[in-house]
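Notes for the one structure printed next.
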Amino acid sequence: MMQLQAFVSPKHFTISSQCSPALSQHLHRRLLSLAPLARPLCPPRFRAVVRVRSIGAFPFDFKGGKGMSDFFEVELKVRDYELDQYGVVNNAVFASYCQHGRHELLEWIGVNADAVARTGEALALSELSLKFIAPLRSGDRFVVKVRVSGSSAARLFFEHFIFKLPNQEPILEAKATAVWLDRNYRPVRIPPAVRSKLVQFLRHEESN
Numbered sequence: 002m003m004q005l006q007a008f009v010s011p012k013h014f015t016i017s018s019q020c021s022p023a024l025s026q027h028l029h030r031r032l033l034s035l036a037p038l039a040r041p042l043c044p045p046r047f048r049a050v051v052r053v054r055s056i057g058a059f060p061f062d063f064k065g066g067k068g069m070s071d072f073f074e075v076e077l078k079v080r081d082y083e084l085d086q087y088g089v090v091n092n093a094v095f096a097s098y099c100q101h102g103r104h105e106l107l108e109w110i111g112v113n114a115d116a117v118a119r120t121g122e123a124l125a126l127s128e129l130s131l132k133f134i135a136p137l138r139s140g141d142r143f144v145v146k147v148r149v150s151g152s153s154a155a156r157l158f159f160e161h162f163i164f165k166l167p168n169q170e171p172i173l174e175a176k177a178t179a180v181w182l183d184r185n186y187r188p189v190r191i192p193p194a195v196r197s198k199l200v201q202f203l204r205h206e207e208s209n
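Right under this line is the structure:
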């Protein structure tokens with residue numbers, strides 16, 4: 002018995018050896034005419050699906066956890082006691098500049114660091130990465146640009162940039178992670194009241 006398999010059907014087409022030569026030749030031609038319509042079996046294709054949380058969804062909706070689109074800016078001036086023996090701002094001082102920018106941003110949003118501390122909880126820095134590009138010297142004026150770049154249930158992620166004025170010369174890039182802690186210094190979910198203020202700020206930012 003001779004078998005011919007086609008892709009157009011999951012079944013096998015069988016031509017019996019008992020068929021007449023004319024009928025066998027006709028069936029053979031018929032199967033060949035259907036063969037070009039066949040499609041080889043391929044794995045299914047998958048398309049990435051982006052999950053977007055709605056306003057008020059857990060943990061909180063900073064564009065589905067992505068963060069702010071614009072930067073909050075704070076202008077500062079270098080003081081002489083911030084310099085090291087080389088006459089430039091000490092590396093450790095830049096961490097303070099970034100912290101000042103974060104605190105000013107949070108206060109603008111409506112989250113006061115002192116008020117949080119009085120509750121016994123804390124928004125504590127857990128990670129900080131600094132990339133130094135150029136130095137600052139005594140009397141230099143500069144701007145700290147900071148934004149919330151992302152979020153999770155218990156954490157806020159920040160991006161910072163420092164530029165020297167008036168020419169906007171790049172000085173520093175930094176990333177930080179702040180985690181919400183309870184009275185036992187254990188990570189907990191960001192309180193609903195704080196979450197609500199962050200969402201309201203985002204709505205205001207988007208409307209402008």
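Take 2 as the starting number for the sequence shown in the numbering used here and just add one per residue.
Glycine included, every Cβ here is placed at the ideal spot set by N, Cα and C.
No experiment lies behind these values; they were computed from the predicted model shown.
query, result
"When the Cα atoms are used, what is the spatial distance from A194 to V75?", "25 angstroms"
"Which stretch, first to last residue, makes up the alpha helix (DSSP H) that contains A179?", "A179 -> not in any alpha helix (DSSP H); beta strand (DSSP E) instead, spanning E170 to L182."
"May I ask you to verify whether the segment 163-179 touches the segment 93-110, counting CB pairs closer than 8 angstroms and requiring at least 3?", "yes"
"Enumerate in chain order the residues of its own chain whose CB-to-CB distance from L77 is below 8 angstroms, with the five nearest sequence positions on each side excluded.", "Y98, H101, R142, F143, V144 and V145"
"Over the uninterrupted alpha helix (DSSP H) stretch that includes F202, give me the two end residues.", "P193 to S208"
"Between which two residues does the beta strand (DSSP E) carrying S97 extend?", "First-last for S97: N92 to I110, but that is the alpha helix (DSSP H), not the beta strand (DSSP E)."
"Could you tell me the alpha carbon to alpha carbon distance between R204 and S153, rounded to whole angstroms?", "18 angstroms"
"Could you check the C-alpha separation between D115 and A125 for me, to the nearest Å?", "12 angstroms"
"Please state the DSSP three-state secondary structure of R187.", "coil"
"Count the other CB atoms within 10 Å of the CB of F202; is the residue buried (16 or more) or exposed (fewer)?", "buried"
"With DSSP run on the structure shown, which of helix, strand or coil describes A154?", "coil"
"Between the beta-carbon of E105 and the beta-carbon of V94, is there less than 8 angstroms?", "no"
"Please identify the residue among N168, L157 and Q169 whose C-alpha is closest to the C-alpha of A177.", "L157"
"Express the C-alpha separation of A179 and A118 in angstroms, rounding to a whole number.", "14 angstroms"
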